[in-house]
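Numbering (our numbering), first residue to last: 285 to 390.
Idealized CB from N, CA, C, for every residue including glycine.
Being a predicted model, the structure only gives us computed values, none of them experimental.
Read through the structure below, which is laid out as structure tokens, and then see the notes.
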């Protein structure tokens with residue numbers, strides 16, 4: 285299993301545990317209400333979407349990473365295509381971030 289797969293399966297676990305909001309509207313709402321611990325935006329999301337989340341996450345001091353495709357993100361959380369995901373649990377967020385950092389070194 286690749287590091288990338290480990291990150292994606294961790295997202296699946298978080299989704300099963302009910303610790304994920306997905307889709308632009310829900311992700312934005314979770315961050316603005318202070319529930320978000322990590323925002324993941326798909327690599328193939330529009331530049332506009334990336335910019336909006338980058339600015340919002342900076343303002344609300346929520347870490348944001350660009351990772352995976354819309355199809356991968358959606359598939360692993362059991363939904364259709366998803367351009368953005370917000371992790372609501374601090375433990376899951378730290379774990380995913382750690383795995384993504386390891387992934388970046390490869």
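TODO: Return the chain-ordered list of same chain residues with a C-beta closer than 6 Å to the C-beta of residue 360, the five sequence neighbours on each side being excluded.
DONE: Counting from one through the chain shown, the residue named residue 360 turns up at place 76. The answer, listed in chain order, is 292, 295 and 296.
- [ ] Please confirm whether residue 311 and residue 369 have their CB atoms less than 8 Å apart.
- [x] For the purposes of this step, residue 311 is taken as the residue at position 27 of the chain shown. For the purposes of this step, residue 369 is taken as the residue at position 85 of the chain shown. Yes, they are a contact pair.
- [ ] Put residue 356 into one of helix, strand or coil per three-state DSSP.
- [x] As a position in the chain shown, residue 356 is number 72, starting the count at 1. DSSP places residue 356 in helix when its eight states are reduced to three.
Open item on the list: If you reduce the DSSP assignment to three classes, tell me which class residue 295 lands in.
Closed with: On the chain shown, residue 295 is found 11 positions in, with the first residue counted as 1. Residue 295: helix per DSSP, three-state reduction.
- [ ] May I have the straight-line CA-CA distance separating residue 381 from residue 347, to the nearest angstrom?
- [x] Translated into positions along the chain shown, residue 381 becomes position 97. Translated into positions along the chain shown, residue 347 becomes position 63. If you take the alpha carbons of residue 381 and residue 347, they lie about 9 Å apart.
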